[in-house]
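Take a look at the structure set out below.
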Amino acid sequence: MSYEHLPHNHGQAMEQQGCLMPETADFQIVSDIFKQLGDSSRVRIFWILCHCEECVINLSAMMEMSSPAVSHHLKLLKGSGLIISRREGKEVYYRAADTEAARLLHHMIEKLIKISCPSGSFL
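If you read the sequence shown in our numbering, its first letter stands for residue 8, the second for the next number, and so on.
What follows is the structure, encoded as structure tokens:
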């Protein structure tokens with residue numbers, strides 16, 4: 008959407024420059040990623056997976072949660088593209104995706120709660 012033909016021109020920078028509004032789908036991508044922050048358990052699981060690759064059983068023990076509950080969070084994180092998985096025999100291992108979104112979210116978590124990576128870097 009161009010701002011050149013707005014009903015009211017208030018002389019603001021976006022109106023004067025005729026900036027283009029990003030598509031609704033672009034904002035939906037950001038919204039979907041931020042939905043992952045709506046649950047502290049999911050944020051903790053993501054943070055763990057930024058530092059190591061783990062299976063559901065170990066994540067359940069670390070989180071003191073049931074395996075089905077952890078699996079639910081993993082499904083949501085994987086659906087948003089923040090984590091990936093690999094199968095080795097019967098076991099499935101999860102880790103943070105090597106994407107800009109995952110790195111930015113990891114960095115934001117650590118800045119907001121003033122912690123640093125156990126190993127000093129993103130997986």
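Built from N, CA and C at the ideal position, the CB exists for glycine as well. All values reported here derive from a predicted model rather than from experimental measurement.
Whole-Å CB distance - residue i paired with residue j, under 8 angstroms assumed
| i | j | result |
| --- | --- | --- |
| E71 | Y101 | Not a contact, Cβ separation roughly 18 angstroms. |
| S92 | V77 | At roughly 13 angstroms, the Cβ-Cβ gap does not stay under 8 angstroms, so S92 and V77 are not in contact. |
Residue i to residue j span [Cα, whole Å]
| i | j | result |
| --- | --- | --- |
| H58 | D105 | 12 angstroms |
| H114 | R94 | 27 angstroms |
| M8 | H80 | Low confidence applies here, because M8 scores a pLDDT of 48, under 50, leaving its location unreliable and the question unanswered by this model. |
| K82 | E30 | 27 angstroms |
| D33 | V99 | 31 angstroms |
| H17 | L112 | 36 angstroms |
| Q43 | N65 | 21 angstroms |
| K97 | M28 | 47 angstroms |
Residue j beta carbon less than 8 angstroms from that of residue i
| i | j | result |
| --- | --- | --- |
| V63 | S74 | yes |
| V50 | I122 | no |
| F53 | A103 | yes |
| I7 | L119 | Lying outside 8 to 130, the shown extent of the chain, residue 7 is not represented and no answer is given. |
First and last residue of the uninterrupted beta strand (DSSP E) at residue i
| i | result |
| --- | --- |
| H95 | Note that residue 95 corresponds to Glu in the displayed sequence, not to His. Unbroken beta strand (DSSP E) run through E95: 90 to 95. |
| E98 | 98 to 103 |
N- and C-terminal bounds of the alpha helix (DSSP H) containing residue i
| i | result |
| --- | --- |
| A32 | 31 to 42 |
| E71 | Here E71 belongs to no alpha helix (DSSP H), and DSSP marks it neither H nor E. |
| S47 | 47 to 56 |
| I116 | 107 to 119 |
request  = Could you tell me whether the region 32 to 52 touches the region 81 to 101, where touching means 3 or more Cβ pairs closer than 8 angstroms?
outcome  = yes
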